[in-house]
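Novice: So the sequence shown is numbered by this note's numbering: it starts at 9 and just counts up by one. Where is the CB? At the ideal position from N, CA and C, for every residue including glycine. Just so we're clear, the structure is a prediction, and the values are computed from it rather than from any experiment.
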Amino acid sequence: MDERERRFLAVGAYLAGAAPTEVARTVGRTVRWLLKWARRYREGRPDWAQDRSRAPHRMPGRSPTWVERLIVRVRRTLMTRPRVQHGAQAIRHVLAERGVTPLPRVGLINRVLTRHGLVSRRQRRFTPKGLPYPAIVPTGALCHALDPVGPRYLEGDGRFFSLHTMLVNSREVALEPHRRLTDPILLEALWKTWQRLGLPDYAQMDNKPPFTPSPRNPYRLSQVLRLLLTCGIEPIFIALAEPWRNGHVERFNNTYDQRFFRAQRFGSFAALVQASRGFERYHNHEWRYSTLGNRTPAEVGATLVRRYPPTGPLPLLEPGVPPGRIHVVRLVRSDQRVDLFGIRLRVRVAFMYRYLHATISTTEHCVRLYADGRLVKEQAWPVE
9 MDERERRFLA VGAYLAGAAP TEVARTVGRT VRWLLKWARR YREGRPDWAQ DRSRAPHRMP
69 GRSPTWVERL IVRVRRTLMT RPRVQHGAQA IRHVLAERGV TPLPRVGLIN RVLTRHGLVS
129 RRQRRFTPKG LPYPAIVPTG ALCHALDPVG PRYLEGDGRF FSLHTMLVNS REVALEPHRR
189 LTDPILLEAL WKTWQRLGLP DYAQMDNKPP FTPSPRNPYR LSQVLRLLLT CGIEPIFIAL
249 AEPWRNGHVE RFNNTYDQRF FRAQRFGSFA ALVQASRGFE RYHNHEWRYS TLGNRTPAEV
309 GATLVRRYPP TGPLPLLEPG VPPGRIHVVR LVRSDQRVDL FGIRLRVRVA FMYRYLHATI
369 STTEHCVRLY ADGRLVKEQA WPVE
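(1) Quick one, which of Leu78, Leu207 and Ile368 has its alpha-carbon nearest Thr220's?
(2) Could you have a look at Lys385 and say whether DSSP puts it in helix, strand or coil?
(3) Using a Cβ-based criterion (distance less than 7 Å to any ligand heavy atom), does Glu184 qualify as near the ligand SAH?
(4) Comparing C-alpha positions only, which one of Leu233, Ser170 and Gly320 sits nearest to Arg187?
(5) For the candidate residues Arg352, Pro321 and Leu364, whose alpha-carbon lies nearest to that of Leu339?
(6) Residues in its own chain within less than 6 Å of Asp209 by CB, not counting five upstream and five downstream?
(7) Could you pull the DSSP bridge partners for His335 from this structure?
(8) Is there contact between the region 283–292 and the region 239–254, where contact requires at least three CB pairs shorter than 8 Å?
(9) Within this structure, are the beta carbons of Pro4 and Thr370 separated by less than 8 Å?
(10) Looking at the unbroken alpha helix (DSSP H) that takes in Phe260, where does it start and where does it end?
(11) Which ranges would you report for the alpha helix (DSSP H) in the region 99–165 if only whole runs of at least 4 residues count?
(12) Can you give me the Cβ contacts of Phe245 inside the same chain, cut-off strictly under 6 Å, excluding the 5 residues immediately before and after it?
(13) Could you pull out every residue in the same chain whose Cβ sits closer than 7 Å to the Cβ of Ala21, ignoring the five residues on either side in sequence?
(14) Enumerate in chain order the residues of its own chain whose CB-to-CB distance from Asn261 is below 8 Å, with the five nearest sequence positions on each side excluded.
(15) Taking Trp45 and Arg77 to be in contact with their CB atoms under 8 Å, please state how far apart those CB atoms are, rounded to whole angstroms.
(16) Quick check on this structure: which residue in Arg224, Arg37 and Arg12 has the alpha carbon closest to the alpha carbon of Pro54?
(17) As a quick exercise: from Gly286, Glu307 and Phe287, pick the residue whose alpha carbon is nearest that of Arg296.
(18) Kindly indicate the opening and closing residues of the alpha helix (DSSP H) around Pro8.
(19) Under 8 Å between the Cβ atoms of Val35 and Ala18?
(20) Which word fits Ala98, buried or exposed, when buried means at least 16 other C-beta atoms lie within 10 angstroms of its C-beta?
(21) Taking Gly309 and Leu175 to be in contact with their CB atoms under 8 Å, please state how far apart those CB atoms are, rounded to whole angstroms.
(22) Which residue marks the beginning of the alpha helix (DSSP H) containing Val355, and which one marks its end?
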(Lines of atoms letter the chains of each structure in order from A and count residues from 1; the text may use other names and numbers.)
(Lines give C-alpha, C1' and ligand atoms only; values in the text may rest on other atoms or scores of the structure.)
Protein backbone atom coordinates (compact mmCIF):
# COMPACT_ATOMS: atom_id res chain seq x y z
CA MET A 1 0.00 0.00 0.00
CA ASP A 2 1.47 3.29 -1.07
CA GLU A 3 1.14 6.56 0.85
CA ARG A 4 -1.77 7.86 -1.23
CA GLU A 5 -3.83 4.69 -0.66
CA ARG A 6 -3.06 4.87 3.07
CA ARG A 7 -4.50 8.42 3.19
CA PHE A 8 -7.71 7.35 1.38
CA LEU A 9 -8.17 4.35 3.70
CA ALA A 10 -7.51 6.31 6.90
CA VAL A 11 -9.75 9.28 6.05
CA GLY A 12 -12.54 6.96 4.84
CA ALA A 13 -12.49 4.97 8.10
CA TYR A 14 -12.40 8.15 10.19
CA LEU A 15 -15.35 9.70 8.34
CA ALA A 16 -17.27 6.42 8.72
CA GLY A 17 -17.16 6.87 12.52
CA ALA A 18 -14.10 4.88 13.58
CA ALA A 19 -12.14 6.18 16.58
CA PRO A 20 -9.15 8.35 15.53
CA THR A 21 -6.75 6.39 17.76
CA GLU A 22 -7.82 3.07 16.24
CA VAL A 23 -7.51 4.41 12.68
CA ALA A 24 -4.07 5.87 13.38
CA ARG A 25 -2.87 2.58 14.93
CA THR A 26 -4.18 0.58 11.96
CA VAL A 27 -2.33 2.63 9.30
CA GLY A 28 0.78 3.12 11.44
CA ARG A 29 0.50 6.91 11.71
CA THR A 30 -0.31 9.46 14.41
CA VAL A 31 -3.67 11.03 15.20
CA ARG A 32 -2.25 14.40 14.19
CA TRP A 33 -1.42 12.95 10.77
CA LEU A 34 -4.96 11.62 10.41
CA LEU A 35 -6.59 14.94 11.33
CA LYS A 36 -4.34 16.77 8.87
CA TRP A 37 -5.51 14.65 5.92
CA ALA A 38 -9.12 14.76 7.06
CA ARG A 39 -8.88 18.56 7.01
CA ARG A 40 -7.39 18.40 3.51
CA TYR A 41 -10.31 16.19 2.39
CA ARG A 42 -12.85 18.70 3.71
CA GLU A 43 -11.27 21.47 1.57
CA GLY A 44 -13.03 19.81 -1.37
CA ARG A 45 -10.05 19.69 -3.74
CA PRO A 46 -9.88 16.59 -5.98
CA ASP A 47 -6.13 16.31 -5.42
CA TRP A 48 -6.39 16.49 -1.64
CA ALA A 49 -4.39 13.27 -1.17
CA GLN A 50 -1.41 14.50 -3.22
CA ASP A 51 1.75 15.85 -1.57
CA ARG A 52 2.06 19.64 -1.68
CA SER A 53 5.20 21.71 -1.99
CA ARG A 54 6.81 22.56 1.32
CA ALA A 55 8.50 25.67 -0.08
CA PRO A 56 7.61 28.84 1.83
CA HIS A 57 4.79 30.86 0.32
CA ARG A 58 6.76 34.05 0.91
CA MET A 59 10.53 34.48 0.66
CA PRO A 60 11.97 37.06 3.07
CA GLY A 61 14.05 39.66 1.23
CA ARG A 62 12.66 38.84 -2.20
CA SER A 63 11.54 41.88 -4.12
CA PRO A 64 7.96 42.30 -5.35
CA THR A 65 7.16 40.96 -8.80
CA TRP A 66 6.76 44.44 -10.30
CA VAL A 67 10.25 45.39 -9.12
CA GLU A 68 11.73 42.26 -10.71
CA ARG A 69 9.99 43.02 -13.98
CA LEU A 70 11.27 46.61 -13.86
CA ILE A 71 14.85 45.45 -13.19
CA VAL A 72 14.72 43.02 -16.12
CA ARG A 73 13.22 45.65 -18.42
CA VAL A 74 15.87 48.24 -17.50
CA ARG A 75 18.65 45.67 -17.99
CA ARG A 76 17.43 44.72 -21.46
CA THR A 77 17.01 48.36 -22.43
CA LEU A 78 20.55 49.24 -21.31
CA MET A 79 21.99 46.25 -23.18
CA THR A 80 20.64 47.65 -26.46
CA ARG A 81 22.74 50.80 -26.06
CA PRO A 82 26.34 50.10 -27.09
CA ARG A 83 28.09 52.67 -24.90
CA VAL A 84 26.01 52.31 -21.75
CA GLN A 85 26.92 50.29 -18.66
CA HIS A 86 24.31 47.65 -17.79
CA GLY A 87 25.53 46.20 -14.50
CA ALA A 88 23.74 46.24 -11.15
CA GLN A 89 25.13 49.66 -10.20
CA ALA A 90 23.94 51.18 -13.49
CA ILE A 91 20.48 49.59 -13.10
CA ARG A 92 20.20 50.89 -9.54
CA HIS A 93 21.12 54.38 -10.75
CA VAL A 94 18.35 54.27 -13.38
CA LEU A 95 15.82 53.08 -10.78
CA ALA A 96 16.85 55.94 -8.49
CA GLU A 97 16.32 58.43 -11.30
CA ARG A 98 12.83 57.00 -11.83
CA GLY A 99 11.99 57.48 -8.17
CA VAL A 100 11.63 53.79 -7.26
CA THR A 101 11.30 53.36 -3.48
CA PRO A 102 12.53 51.49 -1.61
CA LEU A 103 15.58 51.29 -3.86
CA PRO A 104 16.70 47.65 -4.29
CA ARG A 105 20.20 46.79 -3.13
CA VAL A 106 22.94 45.85 -5.58
CA GLY A 107 23.00 42.26 -4.30
CA LEU A 108 19.25 41.90 -4.83
CA ILE A 109 19.54 43.25 -8.39
CA ASN A 110 22.28 40.72 -9.12
CA ARG A 111 20.09 37.87 -7.80
CA VAL A 112 17.19 38.99 -10.00
CA LEU A 113 19.47 39.09 -13.05
CA THR A 114 20.77 35.60 -12.22
CA ARG A 115 17.24 34.17 -11.87
CA HIS A 116 16.32 35.53 -15.29
CA GLY A 117 19.51 34.34 -17.00
CA LEU A 118 20.80 37.84 -17.70
CA VAL A 119 24.25 37.43 -16.17
CA SER A 120 27.22 36.86 -18.48
CA ARG A 121 30.55 35.52 -17.30
CA ARG A 122 33.21 38.20 -17.17
CA GLN A 123 36.79 37.50 -18.07
CA ARG A 124 38.81 37.20 -14.91
CA ARG A 125 41.38 39.88 -14.42
CA PHE A 126 44.97 38.82 -14.42
CA THR A 127 46.35 39.02 -10.90
CA PRO A 128 50.14 38.82 -10.70
CA LYS A 129 51.32 36.83 -7.74
CA GLY A 130 54.44 36.38 -5.73
CA LEU A 131 56.90 39.18 -6.48
CA PRO A 132 56.39 42.59 -4.82
CA TYR A 133 56.17 45.39 -7.40
CA PRO A 134 57.70 48.78 -6.55
CA ALA A 135 55.21 51.51 -5.60
CA ILE A 136 56.62 54.72 -7.06
CA VAL A 137 53.70 57.17 -7.00
CA PRO A 138 53.21 58.58 -3.47
CA THR A 139 49.75 58.82 -1.95
CA GLY A 140 47.86 61.87 -3.15
CA ALA A 141 50.05 62.52 -6.20
CA LEU A 142 48.35 62.82 -9.59
CA CYS A 143 49.31 60.16 -12.11
CA HIS A 144 48.47 59.82 -15.79
CA ALA A 145 48.51 56.42 -17.49
CA LEU A 146 49.40 56.75 -21.18
CA ASP A 147 48.85 54.19 -23.92
CA PRO A 148 48.91 54.66 -27.70
CA VAL A 149 46.34 52.42 -29.41
CA GLY A 150 46.75 51.31 -33.00
CA PRO A 151 47.05 51.05 -35.79
CA ARG A 152 43.28 50.61 -36.18
CA TYR A 153 41.61 50.56 -39.58
CA LEU A 154 38.51 52.35 -40.84
CA GLU A 155 36.58 50.72 -43.65
CA GLY A 156 37.39 52.70 -46.77
CA ASP A 157 39.37 55.41 -44.96
CA GLY A 158 42.73 53.99 -43.95
CA ARG A 159 44.35 53.55 -40.58
CA PHE A 160 44.64 55.71 -37.48
CA PHE A 161 46.19 55.78 -34.01
CA SER A 162 44.71 57.07 -30.77
CA LEU A 163 46.57 58.28 -27.70
CA HIS A 164 44.61 57.32 -24.59
CA THR A 165 45.39 59.06 -21.30
CA MET A 166 43.71 58.29 -17.99
CA LEU A 167 44.00 60.29 -14.79
CA VAL A 168 44.27 57.30 -12.47
CA ASN A 169 43.03 59.22 -9.42
CA SER A 170 39.61 59.95 -10.97
CA ARG A 171 39.50 57.60 -14.01
CA GLU A 172 38.93 60.59 -16.32
CA VAL A 173 40.19 59.96 -19.84
CA ALA A 174 41.28 62.01 -22.84
CA LEU A 175 41.29 60.58 -26.37
CA GLU A 176 43.49 61.98 -29.13
CA PRO A 177 43.01 60.15 -32.47
CA HIS A 178 45.51 60.92 -35.24
CA ARG A 179 46.54 59.44 -38.56
CA ARG A 180 50.11 59.03 -37.32
CA LEU A 181 51.90 59.34 -33.98
CA THR A 182 55.11 61.08 -34.96
CA ASP A 183 57.00 63.09 -32.35
CA PRO A 184 55.44 66.48 -33.25
CA ILE A 185 51.92 65.02 -33.37
CA LEU A 186 52.40 63.16 -30.09
CA LEU A 187 53.65 66.30 -28.33
CA GLU A 188 50.63 68.26 -29.56
CA ALA A 189 48.34 65.43 -28.43
CA LEU A 190 49.87 65.46 -24.94
CA TRP A 191 49.53 69.24 -24.73
CA LYS A 192 45.83 69.09 -25.66
CA THR A 193 45.34 66.24 -23.19
CA TRP A 194 46.84 68.27 -20.35
CA GLN A 195 44.64 71.23 -21.19
CA ARG A 196 41.66 68.96 -20.45
CA LEU A 197 42.97 66.72 -17.65
CA GLY A 198 45.59 69.00 -16.12
CA LEU A 199 49.29 68.38 -15.56
CA PRO A 200 50.06 65.28 -13.47
CA ASP A 201 52.95 64.69 -11.10
CA TYR A 202 53.76 61.36 -12.75
CA ALA A 203 53.11 59.83 -16.18
CA GLN A 204 53.18 56.02 -16.42
CA MET A 205 53.72 54.31 -19.78
CA ASP A 206 55.05 51.15 -21.38
CA ASN A 207 58.35 50.75 -23.17
CA LYS A 208 57.39 51.73 -26.72
CA PRO A 209 58.83 54.36 -29.03
CA PRO A 210 58.40 57.30 -29.17
CA PHE A 211 58.23 57.37 -25.35
CA THR A 212 61.56 55.66 -24.74
CA PRO A 213 64.99 57.20 -25.35
CA SER A 214 66.62 56.83 -28.74
CA PRO A 215 67.35 53.14 -29.54
CA ARG A 216 70.64 54.22 -31.15
CA ASN A 217 71.70 56.25 -28.13
CA PRO A 218 69.91 55.28 -24.89
CA TYR A 219 71.40 58.32 -23.14
CA ARG A 220 69.57 60.72 -25.48
CA LEU A 221 66.12 61.68 -24.26
CA SER A 222 63.13 61.37 -26.56
CA GLN A 223 61.05 64.44 -27.36
CA VAL A 224 58.25 63.08 -25.18
CA LEU A 225 60.58 62.75 -22.19
CA ARG A 226 61.90 66.27 -22.74
CA LEU A 227 58.37 67.66 -22.74
CA LEU A 228 57.39 65.70 -19.62
CA LEU A 229 60.46 66.82 -17.68
CA THR A 230 60.08 70.43 -18.85
CA CYS A 231 56.54 70.45 -17.42
CA GLY A 232 57.73 69.02 -14.09
CA ILE A 233 56.32 65.54 -14.74
CA GLU A 234 58.27 62.42 -13.71
CA PRO A 235 57.95 59.60 -16.29
CA ILE A 236 57.53 56.00 -15.11
CA PHE A 237 58.31 53.08 -17.43
CA ILE A 238 56.63 49.86 -16.32
CA ALA A 239 58.33 46.45 -16.38
CA LEU A 240 59.10 45.00 -19.81
CA ALA A 241 56.36 42.87 -21.43
CA GLU A 242 53.96 43.38 -18.51
CA PRO A 243 51.14 45.58 -19.88
CA TRP A 244 48.89 44.79 -16.91
CA ARG A 245 51.12 47.08 -14.83
CA ASN A 246 49.31 49.88 -16.67
CA GLY A 247 46.03 48.14 -15.98
CA HIS A 248 43.75 51.16 -15.53
CA VAL A 249 44.19 52.45 -19.07
CA GLU A 250 44.43 48.92 -20.50
CA ARG A 251 40.98 48.11 -19.11
CA PHE A 252 39.66 51.35 -20.54
CA ASN A 253 41.08 50.29 -23.91
CA ASN A 254 38.85 47.21 -23.76
CA THR A 255 35.85 49.43 -23.02
CA TYR A 256 36.83 51.70 -25.92
CA ASP A 257 37.09 48.70 -28.23
CA GLN A 258 33.84 46.99 -27.21
CA ARG A 259 31.55 49.94 -26.46
CA PHE A 260 32.82 52.44 -29.03
CA PHE A 261 35.03 51.34 -31.90
CA ARG A 262 33.35 47.97 -32.66
CA ALA A 263 29.87 49.10 -31.65
CA GLN A 264 29.32 51.47 -34.59
CA ARG A 265 30.51 52.34 -38.08
CA PHE A 266 32.39 55.51 -38.91
CA GLY A 267 32.03 57.00 -42.36
CA SER A 268 35.35 58.80 -42.21
CA PHE A 269 38.28 59.65 -39.97
CA ALA A 270 36.73 63.07 -39.30
CA ALA A 271 33.57 61.34 -38.06
CA LEU A 272 35.65 59.15 -35.75
CA VAL A 273 37.45 62.19 -34.30
CA GLN A 274 34.13 63.85 -33.53
CA ALA A 275 32.65 60.66 -32.07
CA SER A 276 35.78 60.11 -29.94
CA ARG A 277 35.31 63.44 -28.22
CA GLY A 278 31.67 62.56 -27.56
CA PHE A 279 32.63 59.17 -26.10
CA GLU A 280 35.24 60.90 -23.93
CA ARG A 281 32.61 63.26 -22.50
CA TYR A 282 30.14 60.41 -22.03
CA HIS A 283 32.68 58.27 -20.18
CA ASN A 284 33.82 61.08 -17.90
CA HIS A 285 30.32 62.31 -17.00
CA GLU A 286 28.17 59.16 -17.16
CA TRP A 287 30.34 56.10 -16.56
CA ARG A 288 30.24 54.91 -12.95
CA TYR A 289 33.00 52.98 -11.19
CA SER A 290 32.40 50.88 -8.10
CA THR A 291 35.97 51.68 -7.01
CA LEU A 292 34.96 55.36 -6.96
CA GLY A 293 31.95 54.72 -4.75
CA ASN A 294 29.61 54.47 -7.76
CA ARG A 295 30.55 58.03 -8.76
CA THR A 296 31.49 59.26 -12.22
CA PRO A 297 35.07 60.28 -13.07
CA ALA A 298 33.95 63.91 -13.40
CA GLU A 299 32.43 63.88 -9.92
CA VAL A 300 35.69 62.61 -8.41
CA GLY A 301 37.80 64.87 -10.62
CA ALA A 302 35.97 67.93 -9.32
CA THR A 303 37.50 67.25 -5.88
CA LEU A 304 41.11 67.21 -7.14
CA VAL A 305 43.50 70.16 -7.08
CA ARG A 306 45.24 70.39 -10.46
CA ARG A 307 47.58 72.65 -12.37
CA TYR A 308 47.02 73.36 -16.04
CA PRO A 309 49.38 74.34 -18.86
CA PRO A 310 48.98 77.72 -20.57
CA THR A 311 46.21 77.96 -23.12
CA GLY A 312 47.22 78.07 -26.74
CA PRO A 313 49.59 75.99 -28.88
CA LEU A 314 52.50 73.95 -27.61
CA PRO A 315 55.54 76.17 -26.94
CA LEU A 316 58.93 75.28 -28.37
CA LEU A 317 61.12 73.13 -26.14
CA GLU A 318 64.19 74.84 -24.75
CA PRO A 319 67.57 73.40 -25.81
CA GLY A 320 69.52 71.35 -23.30
CA VAL A 321 68.54 68.64 -20.83
CA PRO A 322 65.57 69.55 -18.60
CA PRO A 323 65.97 68.76 -14.89
CA GLY A 324 64.04 65.91 -13.35
CA ARG A 325 63.90 62.18 -12.71
CA ILE A 326 62.93 59.21 -14.88
CA HIS A 327 61.73 56.03 -13.17
CA VAL A 328 62.12 52.55 -14.64
CA VAL A 329 60.94 49.22 -13.19
CA ARG A 330 62.67 46.04 -14.28
CA LEU A 331 62.53 42.37 -13.31
CA VAL A 332 65.97 40.84 -12.81
CA ARG A 333 66.15 37.41 -14.39
CA SER A 334 68.76 34.67 -14.27
CA ASP A 335 71.30 36.71 -16.28
CA GLN A 336 71.45 39.23 -13.37
CA ARG A 337 71.02 42.14 -15.78
CA VAL A 338 68.84 45.25 -15.58
CA ASP A 339 67.95 46.39 -19.10
CA LEU A 340 67.64 50.19 -19.26
CA PHE A 341 66.74 50.95 -22.89
CA GLY A 342 69.55 48.74 -24.19
CA ILE A 343 72.14 49.49 -21.48
CA ARG A 344 72.45 46.35 -19.35
CA LEU A 345 73.57 46.82 -15.75
CA ARG A 346 74.77 43.81 -13.77
CA VAL A 347 73.53 43.29 -10.20
CA ARG A 348 74.29 40.74 -7.51
CA VAL A 349 72.80 37.26 -7.57
CA ALA A 350 70.72 38.13 -4.49
CA PHE A 351 68.47 40.28 -6.70
CA MET A 352 67.57 37.57 -9.19
CA TYR A 353 63.81 37.29 -9.83
CA ARG A 354 63.09 40.55 -8.02
CA TYR A 355 61.78 43.86 -9.28
CA LEU A 356 64.21 46.76 -9.06
CA HIS A 357 63.36 50.45 -9.31
CA ALA A 358 65.84 52.52 -11.33
CA THR A 359 65.87 56.32 -11.05
CA ILE A 360 67.71 58.35 -13.70
CA SER A 361 68.61 61.85 -12.52
CA THR A 362 69.08 64.30 -15.41
CA THR A 363 70.71 66.88 -13.14
CA GLU A 364 73.22 64.53 -11.49
CA HIS A 365 73.71 62.45 -14.68
CA CYS A 366 73.53 59.19 -12.77
CA VAL A 367 71.26 56.20 -12.35
CA ARG A 368 70.43 54.60 -9.01
CA LEU A 369 68.95 51.12 -8.52
CA TYR A 370 66.72 50.45 -5.53
CA ALA A 371 65.37 47.23 -4.04
CA ASP A 372 62.55 47.71 -1.53
CA GLY A 373 63.58 51.36 -1.20
CA ARG A 374 67.22 50.51 -0.45
CA LEU A 375 70.01 51.72 -2.76
CA VAL A 376 71.84 48.73 -4.28
CA LYS A 377 73.79 50.26 -7.18
CA GLU A 378 74.75 53.66 -8.58
CA GLN A 379 76.65 54.62 -11.70
CA ALA A 380 77.07 57.45 -14.18
CA TRP A 381 74.38 58.08 -16.79
CA PRO A 382 75.42 60.88 -19.19
CA VAL A 383 72.02 62.18 -20.22
CA GLU A 384 71.92 64.05 -23.53
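Specialist: According to the structure data:
(1) Ranking the options by Cα distance to Thr220, first place goes to Ile368.
(2) Residue state, collapsed to three classes: strand.
(3) This structure simply doesn't include the ligand SAH, nor any ligand for that matter.
(4) Answer by Cα proximity: Ser170.
(5) Ranking the options by Cα distance to Leu339, first place goes to Leu364.
(6) These residues qualify, in order along the chain: Ala149 and Leu150.
(7) In the DSSP secondary-structure assignment, His335 is bridged to Ile244 and Thr367.
(8) No: fewer than three Cβ pairs fall under 8 Å.
(9) Examination of residue 4 is not possible in this model, given that the chain is present from 9 through 392 alone.
(10) Where Phe260 is concerned, the enclosing alpha helix (DSSP H) stretches over Gly255 to Tyr264.
(11) Fully contained in the region 99–165 are the following alpha helix (DSSP H) runs of length 4 or more, in chain order: 114–123.
(12) Closer than 6 Å at Cβ, skipping near neighbours: Asn215 and Val336.
(13) When the five nearest sequence neighbours on each side are left out, the beta carbons in the same chain lying within less than 7 Å of the beta carbon of Ala21 are those of Val31, in order along the chain.
(14) Asp155, Val157 and His172.
(15) No, Trp45 and Arg77 are not in contact; Cβ-Cβ is about 38 Å, not under 8 Å.
(16) Per the Cα distances, Arg12.
(17) Minimum Cα-Cα distance from Arg296 among the listed residues Gly286, Glu307 and Phe287 corresponds to Glu307.
(18) This structure gives no information on residue 8, because the portion of the chain shown stretches from 9 to 392.
(19) With contacts defined by Cβ atoms closer than 8 Å, Val35 and Ala18 form a contacting pair.
(20) Ala98 comes out buried.
(21) Rounded, the Cβ-Cβ distance is 7 Å, consistent with contact.
(22) Run containing Val355: none; DSSP gives neither H nor E here.
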